[in-house]
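Each residue of the sequence shown is one higher than the one before, starting from 518 at the first, in the working numbering. Ideal Cβ positions, reconstructed from N, Cα and C, are used throughout, including at glycine. This structure is a prediction, so every number in the text was calculated from the model and none was measured.
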Amino acid sequence: MKQRFRNLLKTNKWLKYVPNSLTLCNSLCGFLAILITLRAYERGMDRLDVFFWSAVIICCAMIFDSLDGLAARIFNAASMHGIQMDSLADMVTFGVAPATLVAVMTHSLRTPNHIGRTEEIIIYLLCSVYVGGAALRLATYNVHAMLEKKSGDKFSGLPSPGAAIGICVVVAYAWSCDIDLTKYAFLLPAYAAFLGLLMVSPIPYTHAAKWLLSVRRNRKRELLLAAMLLVVVFFRFAGLAVLVTLYIFGGPALALFRILFRRETEETTRTANPAGKAG
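Here it is in structure tokens:
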């Protein structure tokens with residue numbers, strides 16, 4: 518079987534271009550999401566619909582982002598060129614596009630008549646924190662990819678697709694419930710900045726793709742995945758928003774719990790074995 522597959526690759530060398538083609542589709546989705554977002558300023562457009570479809574395109578890009586790595590392994594086409602191209606595509610799709618979505622969404626919902634110059638500057642600065650966090654996160658990932666042959670089961674910091682979907686589910690939930698975001702629009706840039714800080718933090722996050730691949734070998738994970746799918750099926754966007762939010766905030770919560778538990782353990786050890794007393 519392996520020999521047949523190798524022969525197929527030799528006779529069809531174009532298959533090695535499949536991963537880069539998928540990566541290119543990822544970056545084009547990001548560009549399209551930006552263009553769709555900017556249509557919010559057109560007269561007669563339903564702005565919430567515009568933002569929803571922009572979020573959908575960003576989520577579609579995540580499919581291409583997952584498939585390009587899989588294709589690279591299947592066709593044995595992994596290379597430094599592919600790694601660099603993947604990070605550049607992620608910067609557009611999961612860095613610039615979500616920040617543009619938040620900035621335009623906040624600015625257009627509040628309207629120029631209800632937003633001051635100071636507020637406008639703060640909005641753009643907060644969105645810049647997200648873009649900067651994504652750039653630093655992806656650069657760090659590239660360095661690790663070059664130095665390490667295999668990636669672990671954990672990410673150091675929130676992965677950029679996770680940050681992007683954190684913004685997208687908020688938009689999708691608001692669209693599904695027809696929520697008036699005018700009063701809450703200013704919270705979106707603050708949330709984006711928070712996600713940007715999480716991307717450059719040392720907080721460990723589960724590698725979602727590897728976790729899904731290991732589900733078949735773990736009964737508990739199978740049950741957990743089934744439960745998550747049921748939540749999405751029955752509650753749709755609300756369920757998806759809850760699951761994504763739990764993933765994002767679960768990282769800091771678990772990190773804080775570990776720190777507090779470690780301190781408590783150390784204090785218990787000191788109490789049980791005071792200084793100067795033989796153990």
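Inset, instruction - Return helix, strand or coil for Met518, following the three-state DSSP convention. - result: No answer about Met518 holds up, because its pLDDT of 49 lies below 50 and its placement is not dependable.
Legend entry - Top-ranked residue by Cα proximity to Asp563, from Met622, Pro615, Val761: Met622
Legend entry - Burial state of Phe711, where buried means 16 or more other Cβ atoms lie within 10 Å: buried
Legend entry - Spatial neighbours of Leu773 in its chain, beta-carbon cut-off 6 Å, leaving aside the 5 residues before and after: none
Inset, instruction - Using a threshold of 9 Å, state whether the C-beta atoms of Leu653 and Val717 are closer than that. - result: yes
Inset, instruction - Can you tell me which of Ala709, Pro721, Trp728, His598 puts its alpha carbon nearest to the alpha carbon of Ala770? - result: Pro721
Inset, instruction - May I have the straight-line CA-CA distance separating Ala709 from Thr540, to the nearest angstrom? - result: 24 Å
Legend entry - With 16 other Cβ atoms within 10 Å as the buried cut-off, status of Asn537: buried
Inset, instruction - Compute the beta-carbon to beta-carbon distance between Leu626 and Leu698, rounded to the nearest angstrom, for a pair I have assumed lies under 8 Å. - result: 5 Å
Legend entry - Spatially closest choice to Leu605 from Tyr658, Ile640, Leu587, Leu618, by CA coordinates: Tyr658
Legend entry - C-alpha gap between Tyr558 and Ser571, whole angstroms: When only Cα atoms are considered, Tyr558 and Ser571 end up about 14 Å apart.
Legend entry - DSSP three-state assignment for Ala718, whether helix, strand or coil: Looking at the sequence itself, residue 718 is Ser, so the reference to Ala does not match. Three-state result, Ser718: coil.
Legend entry - Identity of the residue in Gly586, Phe611, Thr610, Met608 nearest Leu599 by Cα: First, the amino acid is wrong: residue 599 is Gly here, not Leu. It is Gly586 whose Cα lies nearest to the Cα of Gly599.
Legend entry - Cα-Cα separation between Leu740 and Tyr641, rounded to whole angstroms: C-alpha separation (whole angstroms): 42 Å.
Inset, instruction - Verify whether the separation of the beta carbon atoms of Tyr690 and Leu757 is less than 9 Å. - result: In this structure, Leu757 lies closer than 9 Å to Tyr690 by Cβ.
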